[in-house]
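Participant:
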Amino acid sequence: MRDDLTAELAPQLAVELGLKLAEFGKIVEILGRTPTVTELYMYSLMWSEHCSYKHSKKALRMFPTTGPYVLQGPGENAGVISVGDGWAVAFKMESHNHPSAIEPYQGAATGVGGIIRDIFTMGARPIASLNSLRFGTLDKARQRYLFEGAVAGIGGYGNCIGVPTVGGEVYFDAAYEGNCLINAMSIGIMREENLTSAVASGAGNLVLLVGSTTGRDGIGGASTLASQEFDEKAEDKRPSVQVGDPFEEKLLIEACLELLDAKLLVGLGDLGAAGLTSSASEMASRGGVGLDIDVTKIPARETGMKPFEFMVSESQERMLAVVTPENLAASQAVCEKWGLRSTVIGTVTDTRRFVVREGDEIVADMPADTLASDAPVYDPAMTRPAYLDEAQAFDPSTLVHPETPGALGDALLRVLASPNVCSRAWIYRQYDQQVMLNTLVLPGGDAAVIRIAGTKRAIAVSSDCNGRYCYLDPYVGAQIAFAEAARNVACAGGRPAAITDCLNFGSPEKPEVFWTFHESVRGMSDACRAFEVPVISGNVSFYNESFGQPIYPTPTVGLVGVLQDASKRMTMHFKQAGDVIVLLGETADELGGSEYLSTVHGVIAGAPPAIDVAEEREIHEALLAAIEAGLVRSAHDCSEGGVAVTLAEAAIAGGLGATVALDDDLAPASSLFSETQGRIVVTCAEADAEALTDLFVSRGVPFSVIGEVGGERLVIEDKVDLAVAALVAAWGPTLEALVSGDIPQPEELVEG
Amino acid sequence: MARYEIFVTYKQGIFDPPGATAERALASLGYDEVESVKIGKYIRLEVADGPNELARVAEMCDKLLANPVIEEYRIVETEGAAR
Amino acid sequence: MARYEIFVTYKQGIFDPPGATAERALASLGYDEVESVKIGKYIRLEVADGPNELARVAEMCDKLLANPVIEEYRIVETEGAAR
Amino acid sequence: MTFGVVRFPGSNCEQDIVIACRYLGIDVDYVWHGDTDLSGFDAVVLPGGFSYGDYIRTGAVARFSPVMGEVVRFAERGGPVLGVCNGFQILTEAHMLPGAMLRNRGLKFICETVPLRVEHNICPWVDLPEGTVVRIPINHNEGNFTADPETLARLDANGQIVVRYCEPDGTRAPGGSAPNGAADDIAGICSERGNVFGLMPHPERVCDPEASGTDGQPFFTSIVAHMAGV
Ligand SMILES: Nc1ncnc2c1ncn2[C@@H]1O[C@H](COP(=O)(O)OP(=O)(O)O)[C@@H](O)[C@H]1O
Ligand SMILES: [Mg+2]
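Protein chains in written order, with the numbering used here: chain A, 185 to 936; chain B, 8 to 90; chain C, 8 to 90; chain D, 206 to 435.
#1: Output the distance between the C-alpha atoms of A/Cys519 and D/Arg227, rounded to the nearest integer angstrom.
#2: When you compare only the Cα positions, how much space is there between D/Arg415 and A/Ser751?
#3: Measuring only between beta-carbons, confirm whether D/Glu219 sits less than 8 angstroms from chain C.
#4: Please determine if the stretch 49 to 59 of chain B and the stretch 44 to 56 of chain C are in contact, where contact requires at least 3 C-beta pairs separated by less than 8 angstroms.
#5: May I have a chain-ordered list of the beta strand (DSSP E) segments no shorter than 3 residues that lie completely inside the stretch 15 to 67 of chain C?
#6: Report the residues of the stretch 55 to 83 of chain C with a CB closer than 9 angstroms to any CB of chain D, ordered along the chain.
#7: Mind pulling the chain A residues with CB within less than 7 angstroms of B/Ile21?
#8: Let me check you understand the geometry: is the CB of A/Ala667 closer than 7 angstroms to at least one non-hydrogen atom of ligand 1?
#9: For a test of your reading of the model: does the CB of A/Val354 fall under 7 angstroms from any non-hydrogen atom of ligand 1? Yes or no.
#10: Where does D/Pro271 fall in DSSP's three states?
#11: Classify A/Arg422 as buried or exposed, calling it buried when 16 or more other Cβ atoms lie within 10 Å of its own Cβ.
#12: Please tell me whether, using a cut-off of 7 angstroms, the distance from the CB of A/Ser823 to the nearest non-hydrogen atom of ligand 1 is below it.
#13: Mind checking A/Ser691: buried by the 16 CB within 10 Å criterion, or exposed?
#14: Which residues does DSSP list as the beta-bridge partners of A/Ser888?
#15: Is it true that the CB of A/Met374 sits closer than 8 angstroms to the CB of A/Met277?
#16: Thinking C-alpha only, which one of D/Val401, D/Phe350, D/Trp237 and D/Met432 is nearest D/Ser270?
#17: DSSP three-state label for A/Ile371, please.
#18: In the structure shown, what three-state DSSP assignment does A/Phe414 receive?
#19: Any beta carbon of chain A sitting closer than 8 angstroms to that of B/Tyr49?
#20: Note down the Cα distance separating B/Pro58 from A/Ala262, rounded to an integer number of angstroms.
#21: Just mark D/Asp389 as buried or exposed, buried being the case when its beta carbon has 16 or more other beta carbons within 10 Å.
#22: Do B/Val54 and C/Val41 have their beta-carbon atoms positioned less than 8 angstroms apart in this structure?
#23: Rounded to the nearest angstrom, what separates D/Trp330 and D/Pro285 at their Cα positions?
#24: Looking at the C-beta of C/Thr85, does it have a partner C-beta in chain B at a distance below 8 angstroms?
#25: What span of residues does the beta strand (DSSP E) with D/Trp237 cover, start to end?
#26: Considering only the alpha carbon of each residue, which of A/Gln614, A/Val784, A/Ile788 and A/Pro252 lies closest to D/Glu317?
#27: With DSSP as the reference, please indicate the residues paired to D/Arg282 in a beta bridge.
#28: Once DSSP output is grouped into helix, strand and coil, what is the label at A/Arg613?
#29: Within the present structure, is the beta-carbon of A/Asp630 separated from the nearest heavy atom of ligand 1 by less than 7 angstroms?
#30: Where A/Phe698 and A/Leu600 are concerned, what is the direct C-alpha to C-alpha distance, given to the nearest angstrom?
#31: Taking Cβ-Cβ distances shorter than 8 angstroms, what residues in chain C pair up with D/Thr351?
#32: List, in order along the chain, the chain D residues whose C-beta lies closer than 7 angstroms to that of C/Thr28?
#33: For ligand 1, is there any heavy atom lying closer than 7 angstroms to the beta carbon of A/Leu317?
#34: Is A/Arg301 closer than 8 angstroms to B/Phe22 when the C-beta atoms are compared?
#35: Hey, is D/Arg359's beta-carbon within less than 8 angstroms of any beta-carbon in chain C?
#36: Quick check: the Cα distance between B/Ile77 and A/Thr639, rounded to an integer number of angstroms?
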C-alpha cells in the first residue's frame, strides 16, 4: 500500500483541504494510521459541508417527510411521489451558486445538468425544469453579466437536452450582489415499477463508468466552493470551473433510461459534487458492500493525472452503473448504440471497504461507510440576530404615502416597472418551454401546468421564496415561501402533493446565521404540516457570503401539485368583459418588507406580513372547490406589489381592463400595495357569481366582490385610473432595458 | 490603421465539447490521421492607430472578447493589408 | 506529426451577428478606435504525418469544418511545437 | 401513408412529431440515423433538436449520418421530405435546400409563438390559401436564414418561399418581421420540385387543441391529401 504522506505533513494537508483538526483526528482513528493523499482528499470532500450536511443534518429532521403517496423521501438522488395510475413523479432542487458566481454561463448550465442527472438516475425521464435566481441590482455591470450569463446557460443546456424550462423566479437585491443564487429544479416522470436506487450490491458485480472522459476540471469544484465563503481566494478556485456538454447528457438520458427499462442494471448513480468518490462511496454504503476501483482504467482527458485527481474530479456528464458480469455485454451495447463510452473500472466486493488502486498498487483503502455515513454531525450555536428588533420595529405609517389618484397611479407604475415585479418574458423567451408537448400552461402566470401524457392528470409547479420576508423574520418568511408556492399552484387548479427545497444561507458557523437557518426550517416544517405536504428532497447551500456579508436567508420552496383533471386547469388573465371580480381573503395594513416600500420609499424594513397557514389552506381549498365546480374564469394570487399589481397583471395578460372598488378602510397606499397573505383575485361569469359567492360563504372563507372586468382601463375607485396600455408600457420592458445597459435615470422614476 | 488577429481557446484542462465532437466526426469520415481537434474563436479587429494599441486590445479581450475564467487568447498584429 | 491552424470567417457580404454585436459593445465600452470586428472560428488540428496532408485538411474544411455557402477559410501549417 | 421520423443523436423533437402525426391519424415510425433503408416510408421528417449538440455548425455533423445518403436519394425520386428547425438546418447543410443559417440577430435563443404568412408557393407540404396567417412557435438559436441575392430572387420567383414571418395582420414590417433577422423574412422554403420543405417554426407543437392549438395541422395533413390525390 502506498504511503505518500508523513504524519507531520498529513494534518497540514488536511487543513488546506478544509478539514478541521478534530475531523482529521477522526480519520486517523478510523484508519488506525496516517491517511494517504488520496484518502485525505476523499474524506475531505465527503466530509465537506456540501456532501455531508454536517451542520444542517439535525435541523432538517424537523421536516415531515412521509405521506401515503411518498415512494421515496429524502436520502436518494431525488424524491419520488405516486400520482396515480402507476405513474410516479421524481423531483429535486439544487444550488449551483458558487460556480455560477465565478462563471455564470457554465455554472448555471452545469447546475441544470447536475439536477437532471439526479432525476434520471432514479429511473425517471426529466419532463420539466424550473430555476430560482437571485442577483444584485442590475445597475451594476457585473450583475448584468451574471444575470445574462446564467439565463443563457440555463437555456443553453436545457434547450439542448430537450427538457422544457417551465417556470421559476428571480429577485434583484443588493443582498445578493457578492453572491448570486442559482437554484435549479428538475421534475421527471416514470412508471412506479421503474423506480431505481443508487445502490451497489452483489460481490463480483462490475462497476461501469459511462459517459464523458475524466479530466482535472472541477477538482474540488462544487464541494470546495460551496463549503466556504467567497473572498479574494475565489480567484484561485477559478480553474475548477467546468464546461458542460449537454449533448453528452442527452445521450446519457436516453442510454440510461434504456438500460433501466431493459432491467440490465443492479444500480445507477450519477457523478456530481465530489465526483467518483461521492457516487461510489454512497452506492457502496447503501448496499453494504465494498468496492475495488482501478484509476488506470478510467478514460482520462489529460495525461499524468494522479489517483486522487481521478477520484475527486468533477468532470461533467458521467454516470456510474453496477452490472452483473452476464449483463455487461448487453449494457455496453446500449451505450455503444448511443455513442457513449463505457468502461469497467472496478468490482463490487463483500469487504465493505472502498479500495482504490493505481494498477497493482493500492492508494486508498478505507471502510466504505465511513466516507458517506461517519462524517461528523454538529450542533451549531445559534443566537437571534441583533438587527431584527430594529428592522421589525420600523413602522411604515411614519412615512408620507401618496394619496391622490395621480400619485397612487405613479406609484403603481413604478412598482410594476420594478425588476422584482416586471415581466419575466425576457428570461423565459430564452427557454424552450414546450418541447415534449406537455406544457399546458406556459410560464407567465402563477404556476406552470404539465400534463401527464396518457392520463387525464397534470401537475402544477411553482418555486417561491421572498428573501426580504425571511430577512425580516425567517420563521414567517419560510412559511410564506411555502404558502405562496401552494397558492400559485392552487391558482392553476392544483392540489399540493409534495415539495423540494433549496436552503441558501450564509456561514452556519456564525450563530446569527444559523439561527435564521433553524427558524426557516422550523417555519417551512410547520407550513408543510398544516398543509399535510411532505418534503421529499432538497439541498442546503451554506457559506453564501461575500466579504463577511451573508445573503438574505433564502429557503426556496419548489412545490409540485396535482390536477386530477387537466382540462380543469386555471389561468390568471381576465377572460371576458362583464366577468365579476372577487377578492378572496382580506387586506390588512401590512406594508412591512413590501415591494412598494422598497421601490417607492427605498426602505427594506418592518415586520413582514403575518401568516396563518391553516387559514391559508382553507382559502386554497375554497378556490380549488370553485375551480373544480367550473365556477372560475381566472385566478391570480396577490404577492409582491399587493392587489393592485395582481389586478394589473390579470389585465395586462388578458388585454382587458377592470373597474374595481376596494372596500377595506385602509389608507389608499396600504389598500393597494399591502402584501397581506392568503389573497387571490378570482373572476367568474356573471351568471356564476351567486353560486361562487355561496360556495365561499358555505366554506366560511373571507371574500368581497370588488368589481367587473371590461374596458381598456384599470380603474380602482378613488385610487387608480390607468390605461391598460400604460400598465403594459411600465411592466413589459424593464428587464430587457436593464440588461441592455440603458438604465432608466432616477429622474425618470421620481413620482410625477 | 492596424489589424489584430485574436485566437481564443479554452484553457488547458478545460473540456472542449465542440472539439471532441469534431474529432469523432472526422474519424468517422475516415480521417484517421487527425489526433486532436480544438475549436475556439477567431477574432479580427481593424483598429485606428493610437497610443498603446496592443495594451488596449488585450484589455478588450479581458473585458469582452474572451472569458478569462475559462479561456486564454493570443493576439497577433498583422498588416492591415493581409488577407 | 504536424499542426494545422484553420481560420474560418464569413464570406464578404455575409452578415456576422456576433461581430456586429461585439462592435457595438466595444464602442459602448469606449473603444472608439475599433473600426470593425469579425468573429469566426479558430480550429487547431494535430495531424499524423502522411501523404498530401494539406490537401486532406482542405478537404476536411470543405466537408465539415466550414460551410462553403457562407464561410471561407485559411489554413496555416505551424510547427507542432508552436504554442 | 407512413411518415418516417429520423432520430439523430441529439434530436429532441422526434417524439413530438410522432405524437402530432398519431393525433392526426397519420401512420408514423422512427428511423435510426444509422439505418439506410427507407422502404416502407412515404414521407421522411427530419425533426428538431440539437443533433450532435449543434457543435461546429447546426446540422453539420448529422448531414453525414448513414441515413442521409438514402434521404437524398428518396428526395431525388420525388419523395416528400420535411425538415423542422434543426431538420431545416440539416437540409441546408446537406445542400438539399439552398442558403444557410446564422445565429439569431441579437444572439439570443428565441422561444415564442409568432405569426407566419403562407406565400404563393409550389410546396405540397402546405396546402393553404396564399396570405393565410398561422401562429406557430419558433424555438431556435440559429434561424437567421441567409442566401445570396440571386438565390433569394430565384426562390421568390419560383414560389419556393413557403412561409414568411409577418405581423399579426399578415403584413410585413418595413424593417423586417423576422424575430431572428432572417433574410427576406423567410421562415420556410422548399426545393425547386417542391417536395423538400424546411422551416424553422414547429408546427408539431400546435396540432392538439386540447393542449395548444390547431394551426400546425395543415403542415402534416396537406401532404397526406396530396399523396392520396396522386
Ligand atoms: N427564472 C425564471 N425562469 C422561468 N420562468 C420564470 C423565471 N422567473 C419568473 N418566471 C415566470 O414568470 C412568472 C412570474 O413569476 P413570479 O412573479 O415569481 O410569479 P409569482 O409572483 O406568482 O410567484 C411565473 O410564471 C414564473 O414561472
Ligand atoms: Mg403568483
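We treat Cβ as the ideally placed atom computed from N, Cα and C, and that holds for glycine. These figures come from a predicted structure and were not determined experimentally.
Facilitator: For this structure:
#1: Within the first sequence, the letter at position 335 stands for residue 519 of chain A. Within the fourth sequence, the letter at position 22 stands for residue 227 of chain D. So the two alpha carbons sit approximately 29 angstroms from each other.
#2: As a first step, residue 415 of chain D is located in the fourth sequence; it is residue number 210 there, counting from the start. As a first step, residue 751 of chain A is located in the first sequence; it is residue number 567 there, counting from the start. This sequence places Glu at residue 415 of chain D; Arg is not what is there. Their Cα atoms are separated by approximately 8 angstroms.
#3: Against the fourth sequence, residue 219 of chain D aligns to sequence position 14. So no, D/Glu219 is outside the interface.
#4: yes
#5: 41 to 54
#6: Lys70, Leu71, Leu72, Ala73, Asn74, Val76, Ile77 and Glu78
#7: As a position in the second sequence, residue 21 of chain B is number 14, starting the count at 1. What B/Ile21 touches in chain A: Asp401 and Val427.
#8: On the first sequence, residue 667 of chain A is found 483 positions in, with the first residue counted as 1. No, since every heavy atom of ligand 1 falls outside the 7 angstroms radius drawn around the Cβ of A/Ala667.
#9: By one-based count along the first sequence, residue 354 of chain A stands at place 170. True, at least one ligand heavy atom lies under 7 angstroms from that Cβ.
#10: Walking along the fourth sequence from the start, residue 271 of chain D turns up at place 66. Helix at D/Pro271.
#11: Here residue 422 of chain A refers to the residue found at position 238 when the first sequence is read from its first residue. Note on A/Arg422: pLDDT 40, under 50, position unreliable in the model; no value is reported.
#12: As a position in the first sequence, residue 823 of chain A is number 639, starting the count at 1. Yes, since a heavy atom of ligand 1 falls inside the 7 angstroms radius drawn around the Cβ of A/Ser823.
#13: Taking the first sequence and counting its residues from 1, one reaches residue 691 of chain A at position 507. Classification for A/Ser691: buried.
#14: By one-based count along the first sequence, residue 888 of chain A stands at place 704. For A/Ser888, which the question treats as bridged, DSSP gives the partners A/Leu767.
#15: The residue you call residue 277 of chain A lines up with position 93 of the first sequence. The residue you call residue 374 of chain A lines up with position 190 of the first sequence. Not a contact, by the Cβ cut-off of 8 angstroms.
#16: Taking the first residue of the fourth sequence as position 1, residue 270 of chain D is located at position 65. Considering only alpha carbons, the answer is D/Trp237.
#17: To locate residue 371 of chain A, count along the first sequence from 1; it is residue 187. Looking at A/Ile371 - three-state DSSP - the assignment turns out to be strand.
#18: Locating residue 414 of chain A in the first sequence gives position 230, counting from the first residue. Here the model assigns A/Phe414 a pLDDT of 47, short of 50, so the residue's position is not dependable, and the following value carries that caveat. The answer is strand: DSSP assigns A/Phe414 an E or B state.
#19: Stepping through the second sequence from its first residue, residue 49 of chain B is reached at position 42. So no, B/Tyr49 is outside the interface.
#20: One-based indexing of the second sequence puts residue 58 of chain B at position 51. One-based indexing of the first sequence puts residue 262 of chain A at position 78. Straight-line Cα distance between these residues: approximately 58 angstroms.
#21: In the fourth sequence, the residue the question calls residue 389 of chain D occupies position 184. The residue is buried, with at least 16 neighbouring Cβ atoms inside 10 Å.
#22: On the third sequence, position 34 is the one that residue 41 of chain C refers to. On the second sequence, position 47 is the one that residue 54 of chain B refers to. In contact: C/Val41 and B/Val54 (Cβ atoms closer than 8 angstroms).
#23: The count along the fourth sequence starts at 1 and reaches residue 330 of chain D at position 125. The count along the fourth sequence starts at 1 and reaches residue 285 of chain D at position 80. C-alpha separation (whole angstroms): 8 angstroms.
#24: Mapped onto the third sequence, residue 85 of chain C falls at position 78. No, C/Thr85 does not count as interfacial toward chain B.
#25: For the purposes of this step, residue 237 of chain D is taken as the residue at position 32 of the fourth sequence. Asp232 to Trp237 is the extent of the beta strand (DSSP E) around D/Trp237.
#26: As a first step, residue 317 of chain D must be located in the fourth sequence, where it is residue number 112. Ranking A/Gln614, A/Val784, A/Ile788 and A/Pro252 by Cα distance to D/Glu317 puts A/Gln614 first.
#27: Position 77 of the fourth sequence, counted from the first residue, corresponds to residue 282 of chain D. None; D/Arg282 has no bridge partner.
#28: Position 429 of the first sequence, counting from 1, holds the residue named residue 613 of chain A. The answer is coil: DSSP assigns A/Arg613 none of H, G, I, E or B.
#29: Position 446 of the first sequence, counted from the first residue, corresponds to residue 630 of chain A. It does: the Cβ of A/Asp630 is within 7 angstroms (strictly closer) of some heavy atom of ligand 1.
#30: Within the first sequence, numbered from 1, the residue matching residue 698 of chain A stands at position 514. Within the first sequence, numbered from 1, the residue matching residue 600 of chain A stands at position 416. Approximately 35 angstroms between the Cα atoms of the pair.
#31: Within the fourth sequence, residue 351 of chain D is the residue found at index 146, counting from 1. Per Cβ cutoff of 8 angstroms: Ile21, Phe22 and Ile77.
#32: The count along the third sequence starts at 1 and reaches residue 28 of chain C at position 21. Under the 7 angstroms cutoff, chain D gives Leu312.
#33: Start at 1 with the first residue of the first sequence, and residue 317 of chain A comes out as number 133. Because some heavy atom of ligand 1 lies under 7 angstroms away, the Cβ of A/Leu317 counts as near it: yes.
#34: As a first step, residue 22 of chain B is located in the second sequence; it is residue number 15 there, counting from the start. As a first step, residue 301 of chain A is located in the first sequence; it is residue number 117 there, counting from the start. Cβ atoms of B/Phe22 and A/Arg301: not closer than 8 angstroms.
#35: The residue given as residue 359 of chain D occupies position 154 in the fourth sequence. Answer no: the Cβ-Cβ gap between D/Arg359 and chain C never drops below 8 angstroms.
#36: By 1-based counting over the second sequence, the position of residue 77 of chain B is 70. By 1-based counting over the first sequence, the position of residue 639 of chain A is 455. One C-alpha to the other measures close to 46 angstroms.
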